[in-house]
Structures are given as structure tokens and as C-alpha cells.
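Okay, so here's the structure we're looking at.
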Amino acid sequence: MFSCVYKSCCYHIKSYNSLRNHLIFCCSTMASEATVDLKDKRVPYKSRNELLLEKDIVKEPIKLFEAWFKEASNTPGIIEPNAMFIATSSKSGIPSGRMVLLKSFGNNGFVFFTNYNSRKGIELAENPNASLAFYWEPLKRSVRIEGHVEKTSEKESDDYFHSRPYASKIGALASDQSKPCESRDQMSKITEELKQKYSETDHVPRPKHWGGYVVIPKVIEFWQGQSDRVHDRIVFSKPTPGDPLGEYLHEGEDGWKYQRLFP
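Heads up, the sequence shown is in our numbering, so the first residue is 19 and it goes up one at a time.
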């Protein structure tokens, strides 16, 4: 008779086949209980002589974002400074997130393009609010944005779509984004059929289910990491009438208020 050595198992095994099957079960159980310990994984951030102080920043968040974005764009090691995480939520409150590329920004908001029939598109139709996050690791900086989301104009969607490379336009036509797909071969077949239909010299039409969104910010937070973990956080917001105003809220530019947050 064999006894299993798994710490929480008191099973006694009478045959080799039973032992084999039971060991497979116990090994898979032990693997599922294993954890990856990352408690000691940490890197230094900025030093105490590199603080983010209110006196040193422009008091308008779009201008400050532009300055940070320009610095990120010129920093070696940051390949796509416009890569951003966007979080959306269904009407029942189930969140989802993914990486997309920022394509323009300004006083009107932050613009990206996608498939309107994708999960994020469906969720934005149900709940037109989103949160964006940028993280530029070499600079130890992050920007978080909350806002209302609207579709861009048809013209803006058309203009951007027709500026894209031929393969990207075909890909937008071919992809039924977020829907189940039989195989990679199925995607390749659809793509090749579209290439036969539209050559590189043809006008590839923008699909109606593909276009732009603009995130109109209500909150923009700037974070800068400190090695002692006493990080700097300065958040800008546009309070609506009736919103309570805290004692540490300062007047910014263009209707924005700002304040420091505990890290």
C-alpha cells in the first residue's frame, strides 16, 4: 500500500494505476496552490532633489500633459509614448481594460480610434465614461485621466482612416473585433479576400463600425515616483456646480482646480 505525501492528503493507494492517477491530481493541485512571491522586487525611483512641486508646474493640465508627453517622446527607451491603458465598464459595472494608442490630444480631449463593435465600443455605448492611464517607466511618471466619452465626427474618422497604411485599413475591414474566431487561417482567408477586392491603389472604404472616440477629461492626475515611496500626486479637476470644494483646492487656469493627494 502506498501513502500520498501531499501535505493535505490522507489518501492510501493500493495499486500502481491508482497511485499514478492520484499523483497527477495532487501535482496539479499543488501547482494551482503555488504563488509567485514578488515582495522583494523593487526598483529605485526619483531622488529627493527631483520632487514634483506645485510651484514648478504650469497650472493647466493639458499644457502640463503636453510637456510631459514631449519629454517622454524624447526619452530613449520609451518606444510608444502614446500607448495608453483604457478602462471601460459595462452598464452592470463589470470593468475591462486594454492598451490602445493615443492619436491626438488638446483642449477638446484625448482621441483614439477603434472598432465600435468591440467590447470597449459596446461598453462605451452603454456607459460613456472611461479612464486612461499612461506610464513612462524611464521617467518614473504616470498620468491618469477620467472623463466622458463621445464619438468623433465622421470626417475625423474618415481622415484618420485614410491616412493609415494599406494593410491597416484591410485589417480594420477584416476584423470582427472581440468576436470568436475559428483559427488564424480564417483571419488570413478573410484578409486575402479583401486584398483581392481592394488593391493598394484602390480607395479602401472606412467601415461604419470603425472610428474615433474622444475622452473629454474631468480629472487629470499627475504622478511621479519617489524612491522612499512618498510619491508626488497632483490632481486637476473641473468641479461642477454644487460639488464640495476642499480646503486644499487651488485655483488653476481655464476653469481647472488642483490639489496634492497623499500617495
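Idealized CB from N, CA, C, for every residue including glycine.
- By DSSP's assignment, Trp-241 forms a beta bridge with Ser-160, Arg-251.
- Taking the Cα positions, Phe-123 is about 9 Å away from Val-233.
- The Cβ-Cβ distance between Ile-252 and Ile-140 does not fall below 8 Å.
- In terms of Cβ geometry, Thr-93 and Pro-156 form a close pair [threshold 8 Å].
- The three-state secondary structure of Gln-204, taken from DSSP, is helix.
- When the Cα atoms are used, Phe-280 and Trp-241 turn out to be separated by approximately 11 Å.
- The beta carbon of His-249 is closer than 7 Å to those of Trp-241, Gln-242, Gly-243, Pro-281 in its chain, skipping five residues each way along the sequence.
- Classified as exposed, Leu-263 has fewer than 16 neighbouring CB atoms from the shown chains inside 10 Å of its CB.
- Scanning its chain for C-beta atoms nearer than 7 Å, with the 5 sequence neighbours on each side dropped, one finds around Glu-174 the residues Gly-230, in chain order.
- Here Trp-86 is not bridged, per DSSP, to any residue.
- In the three-state reduction of the DSSP assignment, Phe-280 falls in the coil class.
- Shown here for Lys-236: same chain residues with a beta carbon closer than 8 Å to its own, the five before and five after excluded, namely Glu-164, Gly-165, His-166, Ser-255, Lys-256 in chain order.
- Tyr-63 and Lys-207 have their C-alpha atoms some 48 Å from each other.
- Within the same chain, Val-232 come within 6 Å of Glu-168 by CB-CB distance, once the 5 residues on both sides are set aside.
- Residue environment: Asn-133 is assigned as buried (16 or more neighbouring CB atoms within 10 Å of its CB, all protein chains considered).
- Secondary structure of Arg-137 (DSSP, three-state): helix.
- With contacts defined as CB atoms closer than 8 Å, Ser-149 and Ala-105 qualify as a contacting pair.
- The Cβ neighbour count for Pro-79, taken over all protein chains shown within 10 Å, is at least 16; the residue is labelled buried.
- Taking 8 Å as the cut-off, the beta carbon of Phe-83 is found closer than this to the beta carbon of Ile-238.
- The secondary-structure analysis by DSSP pairs Ala-148 across a beta bridge with Gly-165.
- Beta-carbon to beta-carbon, Lys-187 and Val-222 are separated by about 4 Å, close enough to satisfy the 8 Å threshold.
- Residue pairing for Thr-219: DSSP places it in no beta bridge.
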